[in-house]
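Sequential numbering from 1 applies to the sequence shown in my numbering.
The next block holds one structure in the form of structure tokens; read it before the comments.
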Amino acid sequence: IILCNDGQHDLGLIVDEIVGLETIRRESIQAQELCQHDFSTFLEGAIITKQEELLVLNIAKIITHVSSKDQNSEKQSSE
1 IILCNDGQHD
11 LGLIVDEIVG
21 LETIRRESIQ
31 AQELCQHDFS
41 TFLEGAIITK
51 QEELLVLNIA
61 KIITHVSSKD
71 QNSEKQSSE
């Protein structure tokens with residue numbers, strides 16, 4: 001489980017495996033223009049290393065999406 005926080009909400013992401021952790025600079029993220037489409041709502045871009053291409057998730061968008069769904073379901077439950 002990867003724990004995430006945007007300053008207001010906490011979120012746990014369940015993953016199969018963590019291959020590694022790295023600190024990256026925002027300017028290292030490539031292909032950001034590809035992440036403007038509907039299918040890539042939660043992608044920030046990609047990082048290309050010597051070994052592989054990695055997709056970068058936009059955790060803030062994921063947390064916002066999940067918390068808004070939670071708020072909507074709470075409203076429906078109280079009605």
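Backbone N, C-alpha and C define an ideal beta-carbon position, used for all residues, glycine too.
Helix, strand or coil, according to DSSP, for residue i in the structure here?
i: glutamate 44; result: strand
i: isoleucine 1; result: coil
i: glutamate 53; result: strand
Please name the residue or residues paired with residue i in a DSSP beta bridge.
i: leucine 13; result: Ile2
i: glutamine 30; result: Ala46
So, using beta-carbon positions, are residue i and residue j closer together than 8 Å?
i: leucine 21; j: leucine 43; result: no
i: leucine 11; j: valine 66; result: yes
i: isoleucine 14; j: isoleucine 1; result: yes
Given residue i, which residues of its chain have a CB within under 7 Å of its CB, disregarding the five upstream and five downstream residues?
i: leucine 55; result: Leu43 and Ala46
Give me, in chain order, the residues of the same chain whose beta-carbon lies closer than 8 Å to that of residue i; leave out the 5 immediate sequence neighbours on both sides.
i: aspartate 6; result: Ile59, Ala60, Ile63 and Thr64
i: threonine 41; result: Lys61 and His65
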